[in-house]
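Chain order of the listed sequences is A, B, C and D. Position 21 (the first sequence) corresponds to 20 in numbering that gives the first Met the number 0; numbering is contiguous. Position 145 (the second sequence) corresponds to 144 in numbering that gives the first Met the number 0; numbering is contiguous. Position 54 (the third sequence) corresponds to 53 in numbering that gives the first Met the number 0; numbering is contiguous. Position 59 (the fourth sequence) corresponds to 58 in numbering that gives the first Met the number 0; numbering is contiguous.
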Amino acid sequence: MSHGHSSALAHHFDSLEQQREASTLGMWLFLVQEVMFFGGLFMTYMLYRWRDPEAFAAGSHDLNITLGLLNTVVLIASSLTMAMAVHSAQTSRRRPLIGYLTATGVLGLAFLVVKYFEYSAKWEHHLVPGPLFHFSEPAIGGRAEVFFSLYFAMTGMHALHMVIGIALLAWILRGAVRGRFDASYYNPVENFGLYWHFVDIVWIFLFPMLYLIGRHYHGGA
Amino acid sequence: MPFKIPFMPEQASSMAGEVDALTLYLVAMASFFTVLVAAMVIYFAIRYRRRSPDEVGGSFDNSALLEITWTVIPVLIVLFTFVWGARVAFRLYRPPADAVQYYVTGKQWMWKTQHPTGQREINELHVPLGQPVKLLMTSEDVIHSFFVPAFRVKADVLPGRYTSLWFTPTKTGRFHLFCAEYCGAEHSRMIGWVTVMEPEEYQAWLASVPTQGSPTAAGERLFAQLACHTCHQDAAGAKGPALGGLYGRPVALADGRTVLADESYLRESILNPAAKVVAGYEAVMPSFQGQVSEEGILELINYVKSLPAGGSASVAAASEGAL
Amino acid sequence: MSGHHVVPVRVYLAVFAALMVFTAITVAAAFVDLGALNNVVMLAIAVAKATLVVMFFMHVRYSTRLIPVVVFGGVFFLLVMFGITMSDYVSRGFLGAGSAWPRPWAP
Amino acid sequence: MSRTGTAETNYLNAQHGLKSWLLTLDHKRIGLLYLMGVSFFFLLGGIFALLIRLELLTPQGDLVQPDTYNRLFSMHGIMMVFFFLIPAIPGVLGNFLIPIMIGTRDVAFPRLNLASWYIFMAGGSITLLGVLAGGVDTGWTFYPPYSSLYSATNVLTVGIGVFVNGFSSILTGLNFMVTIHRMRAPGMTWFRLPLFVWGHYATSFINVLGTPVIAITLLLLVLERAFHLGIFDATKGGDPVLFQHLFWFYSHPAVYIMILPSMAVISELIAAFTRKRVFGYHFVAFSSIGIAVLGFLVWGHHMFVSGQSVYAGTAFSLLTMLVAIPSAIKVFNWSFTLYQGSVSFDTPMLYALGFIGLFMIGGLTGVFLGTLGFDIHVHDTYFVVAHFHYVMVGGTIMGYLGGLHYWWPKITGRIYPEFWGRMSAMLVFVGFNLTFFPQFLLGYMGMPRRYHAYPEEWQVLNVLSTAGASVLGLGFLLPLGYLLWSLKYGKLAGKNPWGAKGLEWTTDSPPPTENFRDAPVVSEEAYDYAGAGHGDGGAPAPARAH
Ligand code: HEA
Ligand code: HEA
Ligand code: CUA
Ligand SMILES: [Cu+2]
Chain A
0 MSHGHSSALA HHFDSLEQQR EASTLGMWLF LVQEVMFFGG LFMTYMLYRW RDPEAFAAGS
60 HDLNITLGLL NTVVLIASSL TMAMAVHSAQ TSRRRPLIGY LTATGVLGLA FLVVKYFEYS
120 AKWEHHLVPG PLFHFSEPAI GGRAEVFFSL YFAMTGMHAL HMVIGIALLA WILRGAVRGR
180 FDASYYNPVE NFGLYWHFVD IVWIFLFPML YLIGRHYHGG A
Chain B
0 MPFKIPFMPE QASSMAGEVD ALTLYLVAMA SFFTVLVAAM VIYFAIRYRR RSPDEVGGSF
60 DNSALLEITW TVIPVLIVLF TFVWGARVAF RLYRPPADAV QYYVTGKQWM WKTQHPTGQR
120 EINELHVPLG QPVKLLMTSE DVIHSFFVPA FRVKADVLPG RYTSLWFTPT KTGRFHLFCA
180 EYCGAEHSRM IGWVTVMEPE EYQAWLASVP TQGSPTAAGE RLFAQLACHT CHQDAAGAKG
240 PALGGLYGRP VALADGRTVL ADESYLRESI LNPAAKVVAG YEAVMPSFQG QVSEEGILEL
300 INYVKSLPAG GSASVAAASE GAL
Chain C
0 MSGHHVVPVR VYLAVFAALM VFTAITVAAA FVDLGALNNV VMLAIAVAKA TLVVMFFMHV
60 RYSTRLIPVV VFGGVFFLLV MFGITMSDYV SRGFLGAGSA WPRPWAP
Chain D
0 MSRTGTAETN YLNAQHGLKS WLLTLDHKRI GLLYLMGVSF FFLLGGIFAL LIRLELLTPQ
60 GDLVQPDTYN RLFSMHGIMM VFFFLIPAIP GVLGNFLIPI MIGTRDVAFP RLNLASWYIF
120 MAGGSITLLG VLAGGVDTGW TFYPPYSSLY SATNVLTVGI GVFVNGFSSI LTGLNFMVTI
180 HRMRAPGMTW FRLPLFVWGH YATSFINVLG TPVIAITLLL LVLERAFHLG IFDATKGGDP
240 VLFQHLFWFY SHPAVYIMIL PSMAVISELI AAFTRKRVFG YHFVAFSSIG IAVLGFLVWG
300 HHMFVSGQSV YAGTAFSLLT MLVAIPSAIK VFNWSFTLYQ GSVSFDTPML YALGFIGLFM
360 IGGLTGVFLG TLGFDIHVHD TYFVVAHFHY VMVGGTIMGY LGGLHYWWPK ITGRIYPEFW
420 GRMSAMLVFV GFNLTFFPQF LLGYMGMPRR YHAYPEEWQV LNVLSTAGAS VLGLGFLLPL
480 GYLLWSLKYG KLAGKNPWGA KGLEWTTDSP PPTENFRDAP VVSEEAYDYA GAGHGDGGAP
540 APARAH
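Next comes the structure, spelled out in structure tokens:
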């Protein structure tokens with residue numbers, strides 16, 4: 000393995016190997032931190048759903064399962080393209096790397112666009128928590144507000160991570176275009192991939208927890 | 000076991016002595032370790048003080064025996080401490096069966112109390128000597144905490160929920176009542192007095208305070224005022240279930256769950272009736288959120304609790320579990 | 000070194016296919032009323048999907064031992080948070096009336 | 000190699016100019032940046048403390064308005080906890096020493112390290128903005144619904160400040176963990192690491208796992224306040240007690256973020272000033288990890304009277320008892336290290352001995368509080384205030400000051416004036432006890448905390464406490480003076496002024512930018528004073544007879 004990239008070795012490391020292992024471990028610790036961060040939201044969700052399952056089911060009933068499913072597919076696909084991007088970097092193939100990164104970014108943007116339509120629909124239906132909140136089913140009424148608070152907090156935090164992810168992706172893409180990455184040095188790509196997959200995993204939990212729990216809810220009790 | 004130790008507040012409840020005994024044990028335990036370690040450190044420090052600038056220490060630097068000793072002994076001690084503390088706590092949590100229920104509402108920044116016979120007070124609570132007292136408490140705004148040092152009792156008072164505490168006064172006199180949970184600007188002025196009186200004196204005092212009747216009576220008035228009876232009448236075909244004998248009984252809900260009809264359930268039924276719909280009924284009861292004060296709700300609950308089962312004469316004996 | 004493991008493309012494709020199948024199952028299952036089992040199925044599938052992503056897309060299967068320790072350590076403390084907090088709420092009604100945050104129980 | 004320190008280029012004089020400091024990637028310089036930051040916040044927090052004590056001199060509450068008082072103790076707690084105590088030892092001493100102690104050139108991610116400092120300063124500045132705009136009056140615990148719906152102060156600004164600051168802790172912890180895992184010098188095995196490094200490893204573990212939870216919790220609080228989500232609002236079906244769970248899930252472990260680094264310092268001080276390997280090295284090392292792990296299981300002991308389930312309270316009480324054990328193990332091992340040591344009484348050692356005594360009292364009263372039946376009476380009284388100042392001031396600050404004195408010659412190349420050092424150590428010890436011991440008594444008698452006025456019968460003890468606080472303040476001001484003085488006039492230190500063991504004492508004082516002129520290779524245990532590995536118990540070795 001040639002070291003055409005000795006410039007990539009920071010002065011305080013002894014070898015690229017050490018540097019790579021350090022950055023991988025660092026990224027994983029960061030993700031563990033993210034797990035706990037989202038964990039607080041999941042904790043809140045768990046408690047309030049346990050306390051008022053009906054209101055959650057009713058609230059979930061009002062989410063758009065088609066769009067949720069579409070976004071799930073989009074995001075998992077973007078995870079695949081991201082994995083392929085890392086693969087391309089590992090095998091020093093620059094064009095596919097650029098292609099896969101671009102695809103990942105496009106899918107990420109698609110996700111956000113869909114999310115935007117979902118959010119605006121919620122706004123129109125007065126499902127955004129606050130003074131305008133109004134839940135059409137009288138038996139549930141204001142009880143559904145906490146569900147929607149959590150819906151916005153969780154998907155909003157997730158979307159924020161997507162936005163940050165896309166910004167980082169742009170920066171990685173720039174590096175790829177300039178040919179900074181190949182089999183001897185690709186840990187930025189790899190670590191970004193870890194982040195992207197993590198965001199995907201969060202959605203893997205959010206989708207069933209928010210969209211799917213109300214499918215056999217038929218109003219009333 | 001009454002005893003007087005400096006820096007201990009007065010012991011004026013049946014539990015105060017037990018808490019103080021625990022305290023004395025804790026102080027003794029801590030003193031033992033503090034003296035032991037201090038003696039060890041001081042003795043070694045002097046005995047092995049450095050005598051020449053280039054002297055170094057010895058090489059005796061581990062001993063499994065010592066490590067086991069000073070792990071196992073503290074473990075045993077803390078387990079013992081835990082058990083003692085938990086026993087005292089459980090006694091502090093479980094009111095005696097004959098406790099009489101008083102009502103407390105916390106509000107920025109005052110304590111509103113009400114006697115079972117209906118008298119209301121602000122920042123004061125008069126109770127008879129020797130009578131176990133249980134307080135059922137809630138808050139109208141933020142979290143407060145009801146604290147009477149002389150009784151060694153404290154419990155947070157939360158919005159949207161009931162909490163309770165109990166004590167049996169063993170000494171007449173006036174005792175500090177504090178709000179112990181920070182609740183805003185006048186937190187330190189949310190204070191008052193608990194006055195313990197001889198039972199006869201207490202009766203005389205009660206008689207001297209004008210009252211609009213017991214909470215139950217007030218509840219009855221509210222019940223009529225809010226037109227609850229239009230739906231809740233003990234008649235076949237009524238829109239709402241009969242409420243007689245409801246308190247303390249499990250209720251079957253429309254969604255198949257079962258709930259115990261305690262104060263919290265009654266409260267929720269009034270403020271958020273749709274949350275738990277009784278099996279066999281439509282969810283048509285409107286929410287009374289915002290139409291009744293916390294005290295009003297307490298009175299309504301009291302009234303509902305007083306309704307005899309199936310219209311029969313005996314008032315359902317309040318089978319109050321512990322807190 | 001283990002870290003340089005290049006995962007074959009067909010593994011990625013297989014994982015992607017599995018994720019899609021799981022997604023389909025979980026959506027389908029949501030329309031069938033299984034009672035409490037709905038939640039179990041939903042969570043089991045989500046965990047399975049997450050595990051696939053972690054193991055293959057994120058290369059944990061091919062990494063040094065430390066990484067799985069870090070990952071599962073993190074998840075463990077998450078479960079500690081869930082478990083202990085819920086134990087408070089679940090046990091509030093045990094002593095009977097008064098203190099419980101209103102909550103159903105089966106007699 | 001016979002270079003003698005300051006004549007050579009070192010990390011201080013390698014580059015000049017403000018920019019070379021503000022953009023530095025050198026962990027040692029970043030440590031000094033932290034020193035300036037945390038000292039500032041400490042002084043600010045201290046001024047708030049003095050105002051609190053002044054107000055409490057008289058029972059009537061006549062110095063300031065109640066809501067001013069509430070802002071004082073809130074800002075005091077917030078400054079001291081989030082902007083001083085948590086970052087102090089890891090930020091200053093940890094940053095400076097960990098890479099040197101494990102024999103490497105820098106932390107794993109120097110850029111991230113600098114970013115952590117900027118995040119810390121950004122969080123601090125946002126909070127300061129909130130202070131200048133009128134402060135916050137929720138207490139450092141931010142309990143809703145008061146903080147979310149009722150307080151009219153700058154909860155948003157301060158909440159965001161603390162939120163931002165959290166990421167500084169997280170990233171520092173992450174950096175240290177990776178550094179310790181991946182950057183150790185050849186021969187530096189895990190069980191040759193100085194206990195300082197073990198302690199910081201345990202701290203970092205808590206930082207990474209716990210801090211994000213308070214971040215999200217504060218974020219929810221901020222959202223709740225701004226948009227009224229209902230998550231902590233009982234009238235909308237939320238539960239204010241959930242906030243307490245989430246808050247303490249972090250903030251109990253956070254008390255170990257505050258004490259573990261200090262314990263780490265104490266292990267070094269005890270070894271150096273007894274010239275002896277710390278007794279039971281493995282036990283002390285593992286007890287740090289034990290504290291970090293068990294520390295995540297006990298948070299509910301802050302909620303015994305909050306309306307939490309009695310059963311949960313009982314379980315939390317039991318677990319709290321167990322978390323005390325690793326600390327007990329440490330105290331006993333430190334004390335026993337003195338046995339057959341060569342004990343000297345330089346300033347750092349005075350702080351270390353003070354630490355042992357005060358931390359022990361603080362810790363034992365922590366066990367009192369963990370005892371269910373006892374805590375019901377003293378919860379939210381001055382007993383709790385006394386407990387936590389014993390561990391935080393008597394414990395952590397004593398350790399911090401001890402460490403600062405001990406490594407001052409390494410950091411600056413100069414020796415501080417010993418006489419003044421000892422004076423300040425004594426003043427701190429005496430002033431401290433005078434300030435906080437009376438508070439135990441006040442608490443047991445029932446004086447609630449966060450009270451701006453109190454019944455008259457408690458005045459005497461409060462006066463004592465205020466008197467103590469002025470002595471204590473003086474004790475803290477002295478080092479500020481003479482340490483600055485020594486920068487210019489102190490004696491030159493030489494490589495190893497204490498005759499201590501450890502890689503940091505093998506390099507120049509101050510160290511060169513790359514820490515070592517030749518990369519070190521480690522071949523001996525930590526604290527190998529006796530020379531021949533270490534004994535296996537049994538008969539005392541004759542090494543003392545040198
Ligand atoms: C540095 C910070 C620090 C540290 C290290 C500790 C350490 C401990 N703390 Fe403390 N604590 C705080 C900071 C800290 N605490 C703060 C800030 C608060 C208040 C927060 C607020 O409400 O604002 C608080 C509050 C607090 C409470 C809640 C009180 C209440 O609000 O009602 C409790 C209850 O259990 C508690 C317990 C403990 C215990 C058991 C330990 C243990 O870790 C102590 C272990 C140490 C020892 C035990 C001493 C050494 C051992 C021996 C000498 C051997 C013999 C020992 C035995 C036989 C046990 N603490
Ligand atoms: C690291 C943590 C830390 C530290 C170091 C301290 C240090 C001190 N604390 Fe504090 N304290 C807390 C953490 C800390 N505290 C917390 C978390 C709370 C709870 C807050 C809440 O309830 O939300 C609290 C609450 C608290 C209270 C209770 C307030 C109340 O409940 O009403 C009191 C009362 O005496 C107090 C006193 C002191 C004193 C006298 C010091 C002394 O040790 C301080 C000594 C230092 C100095 C005095 C600085 C020296 C500098 C100068 C002297 C400069 C002077 C300069 C000028 C005047 C220009 N603190
Ligand atoms: Cu009410 Cu404090
Ligand atoms: Cu704690």
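Every residue gets a Cβ at the ideal spot worked out from N, C-alpha and C, and that includes glycine. Just so we're clear, the structure is a prediction, and the values are computed from it rather than from any experiment.
For this session: Kindly say whether residue 90 of chain C, judged by its beta-carbon, lies nearer than 8 Å to any beta-carbon of chain A.
Result: On the third sequence, residue 90 of chain C is found 91 positions in, with the first residue counted as 1. So, not an interface residue.
Exercise. When the distance is taken between beta carbons, is residue 262 of chain D closer than 8 Å to residue 329 of chain D?
Worked result: Against the fourth sequence, residue 329 of chain D aligns to sequence position 330. Against the fourth sequence, residue 262 of chain D aligns to sequence position 263. Going by C-beta atoms, residue 329 of chain D is nearer than 8 Å to residue 262 of chain D.
Exercise. Just the Cα atoms here: how many angstroms apart are residue 85 of chain C and residue 47 of chain A?
Worked result: Within the third sequence, numbered from 1, the residue matching residue 85 of chain C stands at position 86. Within the first sequence, numbered from 1, the residue matching residue 47 of chain A stands at position 48. For residue 85 of chain C and residue 47 of chain A, the distance between alpha carbons rounds to 11 Å.
Exercise. Which of helix, strand or coil does DSSP assign to residue 380 of chain D?
Worked result: Taking the fourth sequence and counting its residues from 1, the one referred to as residue 380 of chain D is at position 381. Three-state result, residue 380 of chain D: strand.
Exercise. For residue 290 of chain B, which residues from the same chain have a beta carbon less than 8 Å from its beta carbon, with the 5 sequence-adjacent residues on both sides left out?
Worked result: By 1-based counting over the second sequence, the position of residue 290 of chain B is 291. Counting only Cβ-Cβ distances below 8 Å, and skipping sequence neighbours, we find 225.
Exercise. Comparing alpha-carbon positions, which option in D:300, D:306, D:305 lies nearest residue 320 of chain D?
Worked result: Position 321 of the fourth sequence, counted from the start, is the residue given in the question as residue 320 of chain D. Looking at the Cα atoms, D:300 is the closest of the given residues.
Problem set entry | Residues that DSSP places opposite residue 109 of chain B in a beta bridge | Translated into the one-based positions of the second sequence, residue 109 of chain B becomes position 110. Answer is B:106, bridged to residue 109 of chain B.
Exercise. Heavy atom of ligand 4 less than 7 Å from the Cβ of residue 292 of chain D, yes or no?
Worked result: Residue mapping note: residue 292 of chain D aligns to position 293 of the fourth sequence, counting from 1. Answer for residue 292 of chain D: no, Cβ out of range of ligand 4.
Problem set entry | Min CB distance residue 187 of chain B to chain D below 8 Å | By one-based count along the second sequence, residue 187 of chain B stands at place 188. Interface residue, yes.
For this session: Determine the extent of the alpha helix (DSSP H) in which residue 221 of chain B is found, giving its start and end residues.
Result: To locate residue 221 of chain B, count along the second sequence from 1; it is residue 222. Here the alpha helix (DSSP H) through residue 221 of chain B covers 214-224.
Problem set entry | Touch test, the segment 51-62 of chain D against the segment 437-453 of chain D, Cβ-Cβ under 8 Å, three pairs minimum | yes
Exercise. Alpha carbon to alpha carbon, how far is residue 47 of chain D from residue 143 of chain B?
Worked result: Taking the first residue of the fourth sequence as position 1, residue 47 of chain D is located at position 48. Taking the first residue of the second sequence as position 1, residue 143 of chain B is located at position 144. If you take the alpha carbons of residue 47 of chain D and residue 143 of chain B, they lie about 25 Å apart.
Exercise. What are the start and end residues of the beta strand (DSSP E) that includes residue 123 of chain B?
Worked result: Here residue 123 of chain B refers to the residue found at position 124 of the second sequence. Where residue 123 of chain B is concerned, the enclosing beta strand (DSSP E) stretches over 123-127.
For this session: Give the residues of chain B in contact with residue 142 of chain A, contact being defined as C-beta atoms less than 8 Å apart.
Result: Numbered from its first residue, the first sequence carries residue 142 of chain A at position 143. Within chain B, the residues near residue 142 of chain A are 271, 273, 274.
Exercise. Taking the Cβ atom as the reference point for each residue, do residue 413 of chain D and residue 489 of chain D lie within a distance shorter than 8 Å?
Worked result: Looking up residue 413 of chain D in the fourth sequence gives position 414. Looking up residue 489 of chain D in the fourth sequence gives position 490. Going by C-beta atoms, residue 413 of chain D is nearer than 8 Å to residue 489 of chain D.
Exercise. Sorry if obvious, but does the Cβ on residue 254 of chain D come closer than 7 Å to a heavy atom of ligand 4?
Worked result: One-based indexing of the fourth sequence puts residue 254 of chain D at position 255. Residue 254 of chain D: yes, Cβ under 7 Å from ligand 4.
Problem set entry | Residue burial classification, residue 207 of chain A (beta-carbon count within 10 angstroms, cutoff 16) | Locating residue 207 of chain A in the first sequence gives position 208, where the first residue counts as 1. Residue 207 of chain A comes out buried.
Problem set entry | Reference residue 182 of chain B; option with closest CA among B:109, B:162, B:193 | Against the second sequence, residue 182 of chain B aligns to sequence position 183. Ranking the options by Cα distance to residue 182 of chain B, first place goes to B:109.
For this session: Determine the DSSP secondary structure at residue 367 of chain D, reduced to helix, strand or coil.
Result: Numbered from its first residue, the fourth sequence carries residue 367 of chain D at position 368. Three-state DSSP puts residue 367 of chain D in a helix.
Exercise. Who are residue 143 of chain B's beta bridge partners in DSSP?
Worked result: Position 144 of the second sequence, counting from 1, holds the residue named residue 143 of chain B. B:156.
Exercise. For ligand 3, any of its heavy atoms closer than 7 Å to the Cβ of residue 180 of chain B?
Worked result: What you label residue 180 of chain B is simply residue 181 of the second sequence in a count that begins at 1. Residue 180 of chain B Cβ: within cutoff of ligand 3.
Exercise. Residues bridged to residue 191 of chain B by DSSP?
Worked result: Reading the second sequence from its first residue, position 192 is the one you call residue 191 of chain B. Bridge partners of residue 191 of chain B: B:176.
Exercise. Is the closest heavy atom of ligand 4 to the C-beta of residue 388 of chain D under 7 Å?
Worked result: As a first step, residue 388 of chain D is located in the fourth sequence; it is residue number 389 there, counting from the start. No, Cβ of residue 388 of chain D sits at least 7 Å from all heavy atoms of ligand 4.
Exercise. Quick one: is the Cβ of residue 300 of chain D within less than 7 Å of any heavy atom of ligand 4?
Worked result: Taking the fourth sequence and counting its residues from 1, one reaches residue 300 of chain D at position 301. Yes.
Exercise. Does any CB atom of chain A fall closer than 8 Å to the CB of residue 211 of chain D?
Worked result: Looking up residue 211 of chain D in the fourth sequence gives position 212. So, interface residue.
Exercise. Can we count residue 202 of chain D as close to ligand 6, meaning its CB is less than 7 Å from some heavy atom?
Worked result: For the structure depicted, ligand 6 is absent and the ligand set comprises only ligand 1, ligand 2, ligand 3 and ligand 4.
Problem set entry | Test item: CB-CB of residue 14 of chain B and residue 173 of chain B under 8 Å | As a first step, residue 14 of chain B is located in the second sequence; it is residue number 15 there, counting from the start. As a first step, residue 173 of chain B is located in the second sequence; it is residue number 174 there, counting from the start. Result no, Cβ atoms of residue 14 of chain B and residue 173 of chain B do not sit closer than 8 Å.
Exercise. Using 8 Å as the Cβ pair cut-off and three pairs as the minimum, do the segment 236-249 of chain D and the segment 380-388 of chain D touch?
Worked result: no
For this session: Spatial neighbours of residue 103 of chain D within its chain, please: CB distance less than 8 Å, with the 5 preceding and 5 following residues excluded, ordered by chain position.
Result: Within the fourth sequence, numbered from 1, the residue matching residue 103 of chain D stands at position 104. Around residue 103 of chain D: 178, 182, 183, 184, 514.
Exercise. So, residue 472 of chain D versus residue 49 of chain D, is the Cβ gap smaller than 8 Å?
Worked result: Translated into positions along the fourth sequence, residue 472 of chain D becomes position 473. Translated into positions along the fourth sequence, residue 49 of chain D becomes position 50. Cβ atoms of residue 472 of chain D and residue 49 of chain D: closer than 8 Å.
Exercise. With respect to the beta strand (DSSP E) encompassing residue 258 of chain B, which residues constitute its N-terminal and C-terminal limits?
Worked result: Residue 258 of chain B sits at position 259 when you count from the first residue of the second sequence. First-last of the beta strand (DSSP E) with residue 258 of chain B: 257-259.
Problem set entry | Own chain partners of residue 11 of chain C with C-beta closer than 8 Å, once the 5 adjacent residues on each side are dropped | Mapped onto the third sequence, residue 11 of chain C falls at position 12. The answer, listed in chain order, is 55, 56.
Exercise. Short check: CB of residue 78 of chain D to CB of residue 133 of chain D, under 8 Å?
Worked result: The residue you call residue 78 of chain D lines up with position 79 of the fourth sequence. The residue you call residue 133 of chain D lines up with position 134 of the fourth sequence. No, these two residues do not count as a Cβ contact at 8 Å.
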